[in-house]
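Notes follow once the structure below has been shown.
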Amino acid sequence: MLDRISRVKDKIDSALKQCSRSDTVTIVAATKTRNPKTIEMSIRNGIVDIGENRVQEAGKKFSAVEPGLVYTKRMIGHLQTNKINKAIRIFDTIDSVDTLHLAKKLANRLKQNTESLSVLLEINTGGDKTKFGFDPDNDQDLLECLTLDEIVVEGLMTIGPVSQEKESTREAFSLLRKIKESINKQVGREKKLTVLSMGMSNDFELGIFQGSTMVRLGTVLFGPREG
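Throughout the sequence shown, residue numbering follows the working numbering, covering 114 to 340 in sequence.
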């Protein structure tokens with residue numbers, strides 16, 4: 114795994130240099146179907162943001178991870194409203210808030226617990242009807258999410274097109290960056306979005322070229338999926 118991580122970091126550094134960026138990119142280890150030992154190895158090798166797709170599976174795996182390891186638990190899959198209560202007990206951040214309805218449900222539950230939670234808003238940049246996410250043409254729903262005191266909207270997330278064609282992927286990622294820029298022009302400094310989560314194992318360099326600050330990587334770090 115250490116060799117894979119080293120190669121990925123080299124590719125990220127190269128992509129950043131190619132577009133003259135001096136900032137950094139957070140690697141989220143996408144550990145769907147991976148076992149707790151893989152999560153532990155990831156953390157020990159410096160990748161401390163762990164992304165899971167399913168609430169129940171995540172709860173079981175995180176509870177089996179060696180106590181004392183410090184890491185951030187991220188929900189990166191679709192969150193059903195009936196799993197909100199469990200999700201906010203398990204995860205440190207929900208990176209896949211895909212509707213205003215879900216955002217409000219989260220905020221209401223957090224308000225009852227006098228808590229707050231960091232989130233990313235998922236945008237359906239490709240207009241794919243089979244995917245979840247906010248309409249990229251509807252700034253108003255996104256802006257309304259930013260008015261909910263109980264959720265801290267740190268940025269935006271998208272998934273590249275199923276086709277994996279380079280140009281359509283570039284356009285989808287470019288659109289997410291433009292949406293972030295549009296939102297930031299309409300809000301005060303304290304509400305400005307800072308995170309762009311775009312790019313997975315097959316397209317993370319394209320994401321970085323378009324301004325991604327966070328990539329979600331699975332097979333490129335761990336090899337083929339288990340199970």
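A virtual CB, placed ideally from N, CA and C, is assigned to each residue, including glycine.
* To do: Mind checking who Glu235 pairs with in its DSSP beta bridge?
  => Working through the sequence shown from its first residue, we reach residue 235 at position 122. DSSP lists Met270 as partners of Glu235.
* Any idea what DSSP makes of Phe247, helix, strand or coil? -> Position 134 of the sequence shown, counting from 1, holds the residue named residue 247. Looking at Phe247 - three-state DSSP - the assignment turns out to be strand.
* Hey, out of Asn297, Arg167 and Ile236, whose CA is closest to Lys244's CA? -> By one-based count along the sequence shown, residue 244 stands at place 131. When each option's Cα is compared against that of Lys244, the closest is Ile236.
* Asked: Excluding five sequence neighbours on each side, which residues of the same chain lie with their C-beta closer than 8 Å to the C-beta of Gly336?
  -> Here residue 336 refers to the residue found at position 223 when the sequence shown is read from its first residue. So the list reads Arg117, once near-sequence residues are dropped.
* Asked: Of all the options Gln323, Gly324 and Ser314, which has the alpha carbon lying nearest to the alpha carbon of Val121?
  -> Position 8 of the sequence shown holds residue 121. Minimum Cα distance to Val121 is reached at Ser314.
* Quick one: residues in its chain with C-beta nearer than 7 Å to the C-beta of His191, no 5 flanking neighbours on either side, listed in chain order? => For this step, residue 191 is matched to residue 78 along the sequence shown. Here the set comprises Ser209, Asp211 and Phe245.
* To do: Give the secondary structure of Met188 by DSSP, where H, G and I count as helix, E and B as strand, and everything else as coil.
  => The count along the sequence shown starts at 1 and reaches residue 188 at position 75. The answer is strand: DSSP assigns Met188 an E or B state.
* Who are the Cβ neighbours of Ala177 in its own chain at under 6 Å, not counting the five residues just before and after it? -> Mapped onto the sequence shown, residue 177 falls at position 64. Closer than 6 Å at Cβ, skipping near neighbours: Pro149.
* Asp208 (DSSP reduced to helix, strand or coil) -> For the purposes of this step, residue 208 is identified with residue 95 of the sequence shown, where counting begins at 1. Reduced to three states, the DSSP call for Asp208 is strand.
* C-alpha gap between Pro249 and Leu309, whole angstroms -> Numbered from 1 along the sequence shown, position 136 holds the residue referred to as residue 249. Numbered from 1 along the sequence shown, position 196 holds the residue referred to as residue 309. Straight-line Cα distance between these residues: approximately 14 Å.
* Simplified DSSP assignment, three categories, for Asp123 -> On the sequence shown, position 10 is the one that residue 123 refers to. Three-state result, Asp123: helix.
* Asked: Between the C-alpha atoms of Lys218 and Lys224, what's the straight-line distance to the nearest angstrom?
  -> Against the sequence shown, residue 218 aligns to sequence position 105. Against the sequence shown, residue 224 aligns to sequence position 111. Their Cα atoms are separated by approximately 10 Å.
* Enclosing beta strand (DSSP E) for Met327 [first to last residue] -> The sequence position of residue 327 within the sequence shown is 214, counting from 1. Element bounds for Met327: Met327 to Leu330.
* Classify Asp316 as buried or exposed, calling it buried when 16 or more other Cβ atoms lie within 10 Å of its own Cβ. => In the sequence shown, counting from the first residue as 1, residue 316 sits at position 203. Buried, since its Cβ has 16 or more Cβ neighbours within 10 Å.
* Asked: Are the segment 292-308 and the segment 273-283 touching, with three or more C-beta to C-beta distances below 8 Å?
  -> no
* **Spatial neighbours of Lys196 in its chain, beta-carbon cut-off 7 Å, leaving aside the 5 residues before and after** => As a working mapping, residue 196 is identified with position 83 in the sequence shown. Excluding the 5 residues flanking it on each side, Lys196 has same chain C-beta neighbours closer than 7 Å at Val168, in chain order.
* Asked: Where does Pro274 land, buried or exposed, given buried means 16+ other C-beta within 10 angstroms?
  -> Walking along the sequence shown from the start, residue 274 turns up at place 161. Flag for Pro274 reads buried.
* Asked: The alpha helix (DSSP H) with Ser176 in it runs from where to where?
  -> Within the sequence shown, the letter at position 63 stands for residue 176. That run of the alpha helix (DSSP H) goes Val168 to Ala177.
* Asked: Who are Val265's beta bridge partners in DSSP?
  -> For this step, residue 265 is matched to residue 152 along the sequence shown. Its beta-bridge partners are Ser231.
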